[in-house]
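In the working numbering, the protein residues as written are 6 to 130. Positions of the beta carbon are idealized from the N, C-alpha and C atoms, including for glycine. Worksheet: the structure to be examined is printed underneath.
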Amino acid sequence: MWYLEDEAGRPALNLTQHRAHELIEYLDQMQRKGFMVCVWNGLGFDLKWLGHQAEDMALAARIALKSYDPMYQFFSQAGFPVKLAKVAEAMDIPQEKLMDGTDAPKEWRAGKHQAVMDYGSATVR
C-alpha cells in the first residue's frame, strides 16, 4: 500500500508531491524490469492523478503508454465504459464487495483508512 503518514502516524489525506513521485518512479522502474502495470481505468484516473500530484505528467504518460488497462480496451471496442464489478458479474466471478469505488475517497476522508485499504487490496487479488 502506498500512502503517507501524518505526524501522529495516521494515514494522511493525500500523498505529497515527493511521495507521489516515488510511486511513479517505482512503477517506471518495475516496467523497465519487464513487469506489466495493469489497472482498471488507470489511464482515465489513476495515472492522471499520480502525474498531476507528482508534478511529472511526462513520466506518468510514459508509464501509461506501456500499461495495460482493460477498461480502456473495452471502451475502445464497445464505445462505452463498464464497471469492473459488472464485468466480474458477467463472467460469473464471485466477489466480496467491500464498498463502491466512488465511496473510497469519502471513506478515506472520514478516517476509515483500513476499510479503504481492505477494499483496495481485495480488488487486486
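Around the Cβ of residue i, are there at least 16 other Cβ atoms within 10 angstroms (buried) or fewer (exposed)?
i, result
"G47", "buried"
"G14", "exposed"
"D51", "buried"
"P45", "In the sequence under discussion, the amino acid at residue 45 is Trp, which differs from the Pro named in the question. Its Cβ being crowded by 16 or more others within 10 Å, W45 is buried."
"W7", "exposed"
"D105", "exposed"
"M76", "buried"
"R78", "Before going further, note that residue 78 is Gln rather than Arg in the sequence given. Answer is exposed; the Cβ neighbour count stays below 16."
"A83", "exposed"
"D74", "buried"
"Q58", "buried"
With DSSP as the reference, label residue i as helix, strand or coil.
i, result
"P110", "helix"
"Y8", "coil"
"A127", "helix"
"A115", "coil"
"M133", "Because the chain is modelled from 6 through 130, residue 133 falls outside the range shown and cannot be assessed."
Below 8 Å on the Cβ atoms is my guess for residue i versus residue j; work out the distance and round it to an integer in Å.
i, j, result
"H26", "D61", "6 Å"
"I68", "I98", "With 8 Å as the limit, I68 and I98 do not qualify as a contact, their Cβ atoms being about 27 Å apart."
"A65", "E101", "Contact flag wrong, Cβ pair sits at about 31 Å."
Return no unless some Cβ of chain D is closer than 9 Å to the Cβ of residue i.
i, result
"E101", "Absence of chain D from the displayed structure is noted, only one protein chain being present."
Return the chain-ordered ranges of every alpha helix (DSSP H) run that is complete within the segment 13–99 and spans a minimum of 4 residues.
Taking only runs of at least 4 residues, the alpha helix (DSSP H) segments lying wholly in the segment 13–99 are 22–37, 52–59, 62–70, 75–83 and 89–95.
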